[in-house]
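Numbering-wise, the sequence shown is residues 0 to 934 according to numbering that gives the first Met the number 0.
Inspection log for the structure reproduced underneath, given as structure tokens.
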Amino acid sequence: MKRYYIYLYFSVSLMLLLAAGCSLEKESGFNRRMQNLTARYNILFNANELLRIKQESYAASFIDDYDRVLNVYQDTASRLATGDKDLDEVVIKANNIISLKEQSNYIDDAYLLLAKAAHLRGDYYNAVEYSSYITRSFSKNAQIVQQARAWQIRSLLYLNQTRQAKAVLDTAISSINDKQKAEAGMVYAAATQLYIDTENYTEAIEMVKSAIPLAENRQQRLRWTFILAQLQELTRQPADAYENYSRIVKSNASFVMAFNAQLNRIRIDDSNNGRNLSRADRLKSLLRNENNEEFKDQIYYQLGELAISSNETDEAIKNYGLSVKNSFRNQNQKGLSYLRLADISFKTKGDYIAARKYYDSTLVSLSPNYPGYETIKTKADNLQLIADKLQIIAREDTLQALAKLDTATRRIRIEEMARQEEAKQTATATEVYTSNASLANSVSNNLAAVDMNNGAVPNSSDASGFYFDNTGAISQGFTDFKRKWGNRKLEDNWRRSVRNNSNLTVNTTNTSQNVDAGVVTPNMQKSTADVVTSGVKQDLLQNLPLTPQLLESSNQRIYNAYVDLAVFYRDVLNDKPEAIETFEQLLKRFPDDKNLAANYYNLYRLYATENAARSNEYKALILSKYPTSTFAKVITDPDYAQRLDNKDAELNAFYNQIYDLYTQRQYQQVITRSDELLRQYTDSRISPQLAYLRALAAGHQQKVTPFRSELVQITSRYPNDGLITPLVRQHLLYIDANQAEMSTRRFAVIDSDPNAPSFIPEPIIESKSQQPALAANNLQTKQPEAKTNKPTVVEKTPQPAKPTATPKAPVAPPSIFGNRDSSNYLFVINVSSGTTNLSSSRFGVGQFNRTAYQGSAVKHQLKPVGDDNQLIYVGRFTGVDEVKEYARKIIPLLPQIMKVPADKYSFFIITQENLDKLADRKLLDSYIEYYQKNF
């Protein structure tokens with residue numbers, strides 16, 4: 000017993016010491032050892048275990064495309080919209096080490112955890128930043144630095160920054176140490192992926208050969224061996240490729256990998272011996288092997304893939320169906336087969352009901368971690384929208400084809416189409432009738448069972464208490480109605496045989512035959528078939544584009560449908576292959592389109608991460624054919640080049656160009672360009688502002704009624720917009736209150752008569768005195784800005800930094816700024832550029848002021864400060880609370896108002912007296928320091 004108490008005392012004492020050691024901040028050898036112990040064996044170990052399990056789960060759910068060179072790593076399977084709790088837990092643990100174990104030796108390991116977690120969740124930008132921070136801050140730990148470089152290369156490749164990745168790789172290769180084998184393997188593997196992406200297969204072979212013996216486990220070694228064989232095939236080394244495929248076949252690799260290795264080995268053997276056995280025949284031979292019984296679903300799927308690539312749709316459907324039928328264990332495989340059937344039903348067959356069912360089955364079968372799962376779900380939810388656009392294209396194509404025929408041939412073809420539609424509807428009606436008859440028979444049997452059970456209703460899982468779900472009851476009711484009332488039409492007063500007080504024409508034929516006047520006699524009835532045929536003919540004949548004007552309208556509907564589809568695939572579904580296919584179809588259909596530059600730019604961006612060579616082709620087309628366009632500027636301007644993934648930069652540039660056209664009174668061009676961008680960037684941040692600018696331009700060319708209608712459409716389309724919609728509602732109130740005067744105007748918006756009352760914000764046109772460095776067209780002549788340390792009020796994206804002791808602040812000298820002018824406050828937006836044209840941003844500030852401060856004396860002005868800053872200041876406000884209230888209202892809208900990148904502007908509050916002192920950049924920096932201390 001005494002020994003037990005001694006042990007208990009020792010254990011409790013140790014726990015208390017550990018807790019004390021972890022909580023004390025005083026630097027000491029004891030605390031450092033305790034923090035090393037808990038950081039390594041508790042936090043770091045558990046975080047690495049979470050990452051290992053996560054990567055294994057990704058690898059298990061990753062679906063490889065064996066028709067292409069495999070990815071070196073299977074680490075990008077999870078794209079769940081709800082986030083990933085395991086990765087969030089890793090981040091929490093890493094931050095605990097950084098913030099609570101600052102005396103330990105594992106701060107660099109913690110930042111590596113953050114880099115890995117960011118990469119695995121697809122946040123590649125931050126992953127690169129964390130890895131870069133490690134290489135800069137922990138250069139003495141060569142092992143961690145090499146790991147960080149390997150992960151940095153992988154993240155840069157997903158950002159399509161191959162040049163930066165190659166620079167990091169060169170450093171990593173030169174730093175390889177023979178003692179650090181695991182790290183060397185990671186570097187060689189990352190290098191393999193880099194050279195595969197850049198199609199430098201010779202270098203990729205050398206790198207993967209070096210990586211294979213350093214692989215972390217057997218499965219990774221087999222995967223890299225398969226990749227080596229694929230690369231050797233591509234570089235025409237069949238003997239070496241055959242040997243490596245054989246290693247896969249003889250190993251314990253997964254069935255899919257071994258299966259594809261066997262197929263590739265047979266192909267090489269057939270090629271060497273002059274045999275030409277098709278891939279389909281080899282697949283069918285595998286079906287006859289009893290050992291492959293468990294894998295028939297995958298074999299049938301491959302047969303379906305071959306059939307669909309040969310445009311044998313029916314054969315593909317058959318094989319995909321057999322794949323589903325034979326899928327018992329592999330739910331992902333079943334999901335893929337359902338997905339193929341869904342796409343065929345939707346795209347090829349046009350059967351949207353069947354497509355929806357197949358998409359639902361796909362989502363049930365596939366793992367949520369499957370790449371593209373969310374895209375499939377969004378596609379299924381928006382199937383009707385896609386179907387509507389495709390039907391517009393198909394209908395207009397049909398009408399145009401009919402219009403090209405001579406009159407006699409056209410009449411025959413329309414008759415054929417009408418009969419086809421009649422047959423289709425008859426078949427549908429027959430199917431429904433058969434289904435209803437079957438249900439009625441079932442109801443009849445159930446009624447008989449009720450009688451036999453003395454009124455007790457037999458159990459039925461499909462029984463419904465709702466009358467109109469009971470087809471038998473409905474049929475019986477219809478028979479009883481007809482027996483009593485005859486063939487009465489469904490109309491007002493249907494029960495009255497004499498309807499003199501109704502607006503009905505008496506049926507004299509029925510009256511003479513002593514039949515109720517409301518009954519339609521057989522010789523007066525039209526069959527359903529006649530109605531269908533007549534309706535189809537009439538619809539086709541009325542909508543034929545027989546004139547150039549009608550043909551142009553038809554083409555415009557096709558064009559708009561293609562653009563809407565492409566934008567939907569690009570922005571909503573994030574389905575780049577479909578978006579690319581649609582944009583390229585648009586180019587084929589409309590080679591002389593006036594918006595070719597926009598279409599080229601879309602393809603340039605879409606191909607950037609899919610096919611670098613194709614992306615460069617479209618880039619070259621833009622720069623050679625449209626060198627002065629906005630799209631060329633976005634490509635070539637260094638500021639934009641650094642933010643290719645920042646759509647705001649593009650939208651701001653496009654908006655600024657349209658605004659310049661508006662200030663130059665080129666209203667028709669404003670309308671045309673606004674329509675293009677509104678189609679291209681549906682529901683973007685600036686869509687309400689584009690629609691408003693378009694409405695103003697149209698108002699300069701049309702009467703008040705259509706102008707008012709366009710304003711109403713803005714309020715309906717963007718009801719929750721906080722900047723434009725309130726302003727438009729003010730305009731509508733003004734129009735309604737001044738309808739008589741407005742209706743006499745030639746145009747709704749007048750800018751040539753100074754005596755006419757204005758109810759819209761005046762465009763801002765900056766004078767040369769305000770912008771000495773500004774050329775006539777800012778978007779086309781803006782020069783790259785010098786890299787300077789710009790002042791900021793709030794640090795937007797802080798870089799990770801190791802905690803350090805805070806030195807004592809020196810005593811600050813007296814400031815030249817003060818609060819004596821306490822009744823004259825201003826709100827200031829500080830733009831860190833002396834050459835950017837701010838007219839469109841100031842126009843936005845004016846829009847806000849007219850809405851939030853209508854009738855007040857609040858106005859905005861511009862003040863240049865030195866060569867690198869411009870201040871938009873708003874006031875005056877008579878108290879600090881008043882200016883802070885203004886700030887609270889406008890700050891949430893600044894991303895929408897300001898047409899410059901978010902990292903180019905900040906904001907602060909100042910008095911007029913202090914503003915007058917800001918003569919240069921140094922004084923501005925000094926005031927910002929004063930502001931941060933005193934406000």
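Even for Gly, the Cβ is constructed at its ideal location relative to N, Cα and C.
Owing to the predicted nature of the structure, the values given are computational and were not obtained by experimental measurement.
Residues near residue i in its chain [Cβ-Cβ closer than 7 Å; skip 5 each side]
i: Thr361; result: Gly334, Tyr337, Leu338, Ala341 and Ile375
i: Ala164; result: Ile152, Leu155, Leu156 and Leu193
i: Asn513; result: Unreliable positioning characterises Asn513 in this predicted model, as indicated by a pLDDT of 49, which lies under 50. The coordinate reading is nonetheless provided below. Hits under 7 Å: none found.
i: Ser985; result: Absent from the structure is residue 985, since the part of the chain shown begins at 0 and ends at 934.
Rounded C-alpha distance that separates residue i from residue j
i: Tyr661; j: Ala696; result: 7 Å
i: Ile267; j: Tyr606; result: 32 Å
i: Asn140; j: Ser173; result: 16 Å
i: Asn263; j: Phe44; result: 42 Å
i: Gln145; j: Leu650; result: 39 Å
i: Leu233; j: Lys208; result: 16 Å
i: Ala422; j: Glu395; result: 22 Å
i: Ser270; j: Leu572; result: 41 Å
i: Asn331; j: Ser309; result: 24 Å
i: Tyr124; j: Ser839; result: 30 Å
i: Met741; j: Tyr733; result: 10 Å
i: Asn381; j: Phe258; result: 37 Å
i: Asn719; j: Lys593; result: 33 Å
i: Phe630; j: Ile226; result: 39 Å
i: Ser77; j: Gln656; result: In this prediction, Ser77 has a pLDDT of 46, which is less than 50 and means its spatial position is unreliable; nothing more can be read from the coordinates.
i: Leu99; j: Asp239; result: 54 Å
i: Tyr904; j: Leu305; result: 56 Å
i: Phe940; j: Arg728; result: One cannot answer for residue 940 here, as it falls past the ends of the chain, which runs 0 to 934.
i: Glu898; j: Tyr654; result: Position check: residue 898 holds Lys in this sequence, whereas Glu was assumed. C-alpha separation (whole angstroms): 8 Å.
i: Ser925; j: Ser832; result: 18 Å
i: Thr608; j: Ala181; result: 29 Å
i: Ala183; j: Asp177; result: 8 Å
i: Asn95; j: Leu158; result: 29 Å
One or two residues paired with residue i in a DSSP bridge
i: His859; result: Val873
i: Phe907; result: Val827
i: Val864; result: Asn868
Neighbourhood of residue i by C-beta distance below 6 Å, restricted to the same chain and skipping five residues each side
i: Lys767; result: With a pLDDT of 39 at Lys767, under the threshold of 50, the modelled position of this residue cannot be trusted; read the value that follows with caution. Cβ within range, chain order: n/a, list empty.
i: Ala93; result: Ala109, Leu112 and Leu113
i: Ser130; result: Ala114, Ala147, Trp150 and Gln151
i: Leu545; result: Ala402
i: Asp563; result: Lys388
i: Ile909; result: Leu825 and Val827
Residue closest to residue i, alpha-carbon to alpha-carbon, out of the options
i: Ala203; options: Ala736, Leu731, Glu215 and Ala188; result: Ala188
i: Ile211; options: Thr201, Glu205 and Trp223; result: Trp223
i: Val89; options: Ser840, Gln73 and Leu50; result: Leu50
i: Arg135; options: Arg162, Thr397 and Thr170; result: Thr170
i: Thr834; options: Leu870, Ile385 and Asn823; result: Leu870
i: Asp87; options: Thr671, Leu892 and Ala46; result: Ala46
i: Asp735; options: Ile685, Leu710, Arg716 and Ile392; result: Leu710
i: Gly874; options: Val864, Glu912 and Asp866; result: Glu912
i: Ser344; options: Tyr372, Asn329, Ile307 and Lys324; result: Ile307
i: Val186; options: Glu609, Tyr72 and Ala619; result: Tyr72
i: Gln738; options: Leu892, Thr704, Thr724 and Leu722; result: Thr704
i: Ser628; options: Arg672, Glu616 and Glu414; result: Arg672
i: Ser366; options: Ala58, Thr197, Gln668 and Ile195; result: Ala58
i: Leu539; options: Pro626, Leu595, Arg556 and Arg410; result: Arg410
Interface flag, residue i vs chain C, CB-CB below 9 Å
i: Tyr157; result: In the structure shown, chain C cannot be found, because there is only a single protein chain.
Beta-carbon contacts of residue i that lie in its chain and below 8 Å, excluding the five residues immediately before and after
i: Leu914; result: Leu825, Val827, Lys862, Leu870 and Tyr872
i: Asn329; result: Asp296 and Gln297
i: Ile579; result: Leu602, Leu605, Tyr606 and Glu609
| message | Any contact between the segment 343 to 350 and the segment 547 to 556? By contact I mean 3 or more CB pairs, one from each, below 8 Å. | response | No, the segment 343 to 350 is not in contact with the segment 547 to 556.
Margin query: Quick check: the segment 674 to 683 against the segment 700 to 715, are at least 3 beta-carbon pairs closer than 8 Å?
Written below: Flag = no, the segment 700 to 715 and the segment 674 to 683 do not touch.
Practice task
Inspect the CB distances between the segment 397 to 408 and the segment 601 to 621 and report whether three or more fall short of 8 Å.
Solution key: No contact exists between the segment 397 to 408 and the segment 601 to 621.
*Three CB pairs or more closer than 8 Å across the segment 699 to 706 and the segment 814 to 822*: No: the two stretches stay apart, fewer than three of their Cβ pairs being nearer than 8 Å.
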